[in-house]
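Read in this note's numbering, the sequence shown has 83 at position 44, and its numbers run on one by one without any break.
Glycine included, each C-beta is placed from N, C-alpha and C at the ideal position.
Note that the structure is predicted; figures quoted are calculated from it, not measured.
To start, the structure itself, in structure tokens.
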Amino acid sequence: GKIDDCLRRLVAKPSTSMVVELKGIIAEHFHHEEQFLMKMDFGSSGLISAYESHAGDHRRILSTIDNVLNKASQNLCQSDISNIASIIHQHGERFDILYAKESECKTGT
Numbered sequence: 040g041k042i043d044d045c046l047r048r049l050v051a052k053p054s055t056s057m058v059v060e061l062k063g064i065i066a067e068h069f070h071h072e073e074q075f076l077m078k079m080d081f082g083s084s085g086l087i088s089a090y091e092s093h094a095g096d097h098r099r100i101l102s103t104i105d106n107v108l109n110k111a112s113q114n115l116c117q118s119d120i121s122n123i124a125s126i127i128h129q130h131g132e133r134f135d136i137l138y139a140k141e142s143e144c145k146t147g148t
């Protein structure tokens, strides 16, 4: 997808403009994902809202990218790029898999 393509380009040729592009793509993805989760009433039962946790992780990722951009005026470190790629990957494994399973159950696919 768009996120993976942008991450590959960022890793291959790190630049602040690529980080800005990635942030835009991710922010748009998160917005659509959160709308989808609300529409399917994801994680609204229980003491801790799965939706709020999921959206909170989105905010954490965007905040991490903002922090990289804020310090990138000095220089863009490979460790920052690796960290961004890692937290995006972890988000998919820890959070997106949960709503994907629930979505399958609700749609019967």
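Residue i versus the options, residue with shortest Cα-Cα distance
| i | options | result |
| --- | --- | --- |
| residue 130 | 63, 78, 57, 94 | 94 |
| residue 107 | 124, 133, 81, 42 | 124 |
| residue 61 | 133, 102, 76, 114 | 102 |
| residue 117 | 132, 50, 133 | 50 |
| residue 66 | 77, 99, 55, 52 | 99 |
| residue 105 | 81, 122, 52, 75 | 122 |
| residue 41 | 109, 127, 78, 89 | 127 |
Residue i: first and last residue of the uninterrupted alpha helix (DSSP H) it sits in
| i | result |
| --- | --- |
| residue 111 | Unbroken run through residue 111: none, as it is neither H nor E. |
| residue 116 | That residue, residue 116, is in no alpha helix (DSSP H); it is neither H nor E in DSSP. |
| residue 133 | Premise fails: residue 133 is in no alpha helix (DSSP H) and is neither H nor E. |
Same chain only: Cβ atoms within 7 Å of residue i, ignoring 5 sequence neighbours per side
| i | result |
| --- | --- |
| residue 69 | 97 |
Chain-order list of residues whose beta-carbon lies under 8 Å from that of residue i (same chain, five-residue window excluded)
| i | result |
| --- | --- |
| residue 45 | 57, 60, 61, 64 |
| residue 43 | none |
| residue 115 | 53, 54, 55, 58, 107 |
| residue 48 | 57 |
| residue 134 | 92, 93, 96 |
Contacts around residue i, its chain only, beta-carbon distance under 6 Å, and the 5 residues preceding and following it disregarded
| i | result |
| --- | --- |
| residue 111 | 55 |
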